[in-house]
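I have placed the structure first, in the form of structure tokens, so that the comments after it can refer back to it.
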């Protein structure tokens with residue numbers, strides 16, 4: 027099991043979107059350690075070091091989670107709600123990265139404590155640019171809280 | 160001077176006394192006046208009696224001259240006794256001829272009863288009197304004159320007049336009341352007829368029951384003469400299950416001399432149908448406080464119940480339909496969601512991987528290969544816009560109408576400014592006339608202007624000098640029609656019906672790009688505001704779009720004009 031500290035957790039069931047996201051991040055040399063999971067339950071298992079990830083050090087959290095809303099098993103909003111409901115991940119930065127422009131999704135995401143809400147642009151260039159900016163902001167500019175202090 | 164004679168009437172009647180007093184006037188003696196008395200008395204007594212009379216009394220000679228009067232006559236005429244005596248009696252009446260006639264009649268028939276005359280006072284006052292008169296004779300039976308007694312009937316006449324007036328008033332009042340009563344009865348009859356309410360009246364003393372024609376109608380019975388039925392007739396039509404309760408209720412109303420409302424079923428005689436009756440009864444009590452009569456109404460409200468039942472059924476099915484509709488709206492939401500999410504992802508992949516192909520494998524591609532990749536990416540982008548527009552269109556249907564007053568003029572100017580700033584190379588001239596504010600949902604109206612002005616900007620793209628004009632027309636009944644005109648590509652009026660369809664386009668996408676959703680959105684926005692939108696155009700000359708946004712606060716009967724072929 028990878029014990030290195032993780033930069034970004036990508037929760038995305040569409041392999042093409044995941045590939046495009048990872049490609050954009052890597053091209054801009056922003057993130058070296060990217061973890062990609064394809065459903066909500068696995069995402070929680072990873073964060074809480076449970077299930078397949080029980081060997082993982084639960085204290086080592088990613089700097090940011092890119093969370094798609096429409097994912098199998100637990101959907102994005104449920105995952106977000108569990109992240110915020112758990113003391114260990116309560117303050118973890120979560121960026122919703124979705125195709126949905128639905129007002130209800132947006133409102134619900136912020137209500138549940140999303141840090142940001144990004145609609146995936148259809149055009150690759152815009153998409154790629156957005157991902158780079160998200161990476162730049164959350165990995166370099168943003169100062170995350172000392173997560174351990176909340177334990 | 161007065162001389163009193165005492166004369167015994169011959170042949171010596173035992174019961175009478177004759178008296179005479181003589182008057183002298185200007186030294187001349189006047190004939191004697193006699194008064195027959197029932198008993199022998201002193202003459203002064205008789206004189207006092209005459210004087211005591213409140214009725215004017217007078218004695219008249221055969222020549223028609225007054226020989227004596229009493230005080231009442233003096234009062235009635237306003238002349239002294241001395242003035243009166245010896246004068247023509249008839250001259251003191253309003254109608255002397257009548258007076259003389261009366262006098263002649265006394266002479267002819269010996270008496271006169273209740274002869275109406277009017278005495279005139281010197282001050283003009285007239286006293287209505289009735290005269291009773293008779294002849295008087297001397298001892299030899301010769302006629303000496305006429306004794307006349309007048310009865311003052313002024314008061315009686317006044318009373319009579321008053322009574323007549325009172326009577327007339329009373330009659331008028333009675334007539335009015337009778338009319339009013341008849342009117343209110345007529346109204347009641349009309350109301351009960353219209354409402355199909357039957358009346359009944361039950362005399363508890365004789366046990367006779369009277370029905371009005373509607374009662375027979377309600378019970379499906381042939382009408383009987385005088386509407387007379389028996390209590391048992393009613394009872395036999397009441398549903399057997401209801402009769403005991405109903406009789407108990409009636410007994411209670413009678414015992415309490417009260418009133419009641421009931422509901423029961425009957426079996427209608429004409430078709431054996433079970434009908435539900437609503438009834439109200441009231442007891443009419445005698446002086447002893449006990450019910451003498453019971454009156455009431457019956458109303459067959461079976462149909463009402465059935466109608467209510469129908470309404471309930473309809474309501475229930477409407478509720479089901481509404482919830483079905485809600486379900487389909489939710490399904491539509493889910494569909495939109497799915498479209499927005501699922502259709503976008505493959506597009507992004509097509510675009511993204513084409514780009515990867517371009518970036519990573521460029522050296523291995525020739526020009527044709529790179530052109531093909533461009534086409535793939537271009538089409539992916541277009542589909543992305545189509546999906547976005549379609550979603551916007553679908554969202555519009557679900558968006559809530561929250562109208563406010565919108566400054567249309569500044570909104571149009573702002574939108575125009577924004578759109579033109581995206582085309583810095585072009586020269587587009589806007590003529591914005593003063594236009595009134597509208598009452599609508601701001602985000603939608605902004606979208607409306609964006610699409611209409613956007614079209615004007617787009618379709619004037621091939622013009623050296625593009626002209627856009629925005630204004631308002633006021634119709635005959637004061638309704639405001641906004642319009643926006645351009646000098647662009649225009650359209651063929653033959654296809655005007657296709658202007659507002661989703662994905663329907665009148666130009667090829669090579670000429671003018673677009674998804675064919677813009678005007679469909681415009682139409683939907685106007686529809687949601689209860690207005691009308693239509694377009695006029697000519698190929699290569701330009702297009703004008705008209706729309707109305709009725710203000711629901713102003714009038715509920717604000718009927719919109721059908722698309723007219725008017726030109727501002």
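Residue numbers (the working numbering), protein chains in the order written: chain P, 27 to 177; chain Z, 160 to 727. The C-beta atom is built at its ideal place from N, Cα and C for all residues, glycine as well.
Inter-stretch contact (C-beta, 8 angstroms, three-pair minimum) for the segment 57-67 of chain P and the segment 31-42 of chain P | yes
Determine the chain P residues that contact residue 540/Z at a beta-carbon separation under 8 angstroms, and present them in chain order.
-> 148, 149
Check residue 679/Z in the structure and name its three-state DSSP category.
-> helix
Local conformation of residue 380/Z per DSSP, three classes | coil
Cross-strand partners of residue 224/Z (DSSP beta bridge) = 247/Z
Beta strand (DSSP E) segment containing residue 562/Z, residue limits | 562-565
So is residue 549/Z in contact with chain P if we call contact Cβ pairs under 7 angstroms?
-> no
Note down, in chain order, all residues in the segment 684-701 of chain Z with a beta-carbon under 9 angstroms from any beta-carbon belonging to chain P.
-> none
Do you know offhand how far residue 581/Z's Cα is from residue 610/Z's?
-> 14 angstroms
Could you have a look at residue 88/P and say whether DSSP puts it in helix, strand or coil?
-> coil
Which residues DSSP lists as bridging residue 310/Z, in chain order | 289/Z
Of all Cβ atoms in chain P, is any one closer than 7 angstroms to the Cβ of residue 524/Z?
-> no
Quick check: the segment 117-124 of chain P against the segment 88-103 of chain P, are there 3 or more CB pairs under 8 angstroms?
-> yes
List the residues of chain P whose Cβ lies closer than 9 angstroms to the Cβ of residue 530/Z, in chain order.
-> Within chain P, no residue comes near residue 530/Z; the closest Cβ sits about 18 angstroms away, beyond 9 angstroms.
Per DSSP, cross-strand counterpart(s) of residue 183/P = There is no way to answer for residue 183/P, as the model of chain P reaches only from 27 to 177.
Using a Cβ cut-off of 7 angstroms (strictly closer), state whether residue 43/P contacts chain Z.
-> yes
For residue 639/Z, write down the residues that DSSP places opposite it in a beta bridge.
-> 633/Z
The segment 46-58 of chain P: positions lying closer than 8 angstroms to chain Z by Cβ = 46, 49
Given a limit of 9 angstroms on CB to CB distance, which residues of the segment 119-141 of chain P reach chain Z?
-> 124, 125, 126, 127, 128, 129, 130, 131
Since residue 506/Z meets chain P, which of its residues come closer than 8 angstroms, beta carbon to beta carbon?
-> 148
Does any C-beta atom of chain B lie closer than 7 angstroms to the C-beta of residue 152/P?
-> Within the model displayed, chain B is absent; protein chains P and Z are what it includes.
Exposed unless 16 or more other CB atoms sit within 10 angstroms - verdict on residue 251/Z = buried
Contacts that residue 40/P makes with chain Z (C-beta to C-beta distance below 7 angstroms) | 504
Look at the Cβ atom of residue 619/Z, then the Cβ atom of residue 625/Z, and state whether they are nearer than 7 angstroms.
-> yes
For chain P, is any of its Cβ atoms less than 7 angstroms away from the one on residue 673/Z?
-> no
Is the segment 77-88 of chain P close to the segment 459-467 of chain Z, with three or more CB pairs under 8 angstroms?
-> no
Cα separation between residue 168/P and residue 161/P?
-> 10 angstroms
Residue 519/Z at chain P interface by Cβ criterion, 7 angstroms = no
Is the CB-CB distance between residue 459/Z and residue 440/Z below 7 angstroms?
-> no
Report the residue ranges of all alpha helix (DSSP H) runs contained in full by the segment 499-579 of chain Z; include only those spanning at least 4 residues, in chain order.
-> 503-520, 526-557
Give the DSSP-derived three-state secondary structure of residue 691/Z in the structure shown.
-> coil
Starting from residue 543/Z, find everything on chain P with Cβ-Cβ shorter than 8 angstroms and list it in chain order.
-> 148, 149
Starting from the C-beta of residue 430/Z, find all residues in its chain whose C-beta is less than 7 angstroms away, skip the five residues before and the five after it, and write them out in chain order.
-> 379
Would you tell me roughly how many angstroms separate the C-alpha atoms of residue 423/Z and residue 405/Z, rounded to the nearest one?
-> 7 angstroms
Neighbour flag for residue 158/P against chain Z, beta carbons, 7 angstroms | no
Under 9 angstroms by beta carbon: chain P residues contacting residue 430/Z = Per Cβ cutoff of 9 angstroms: no residues; residue 430/Z is ~60 angstroms from chain P at best.
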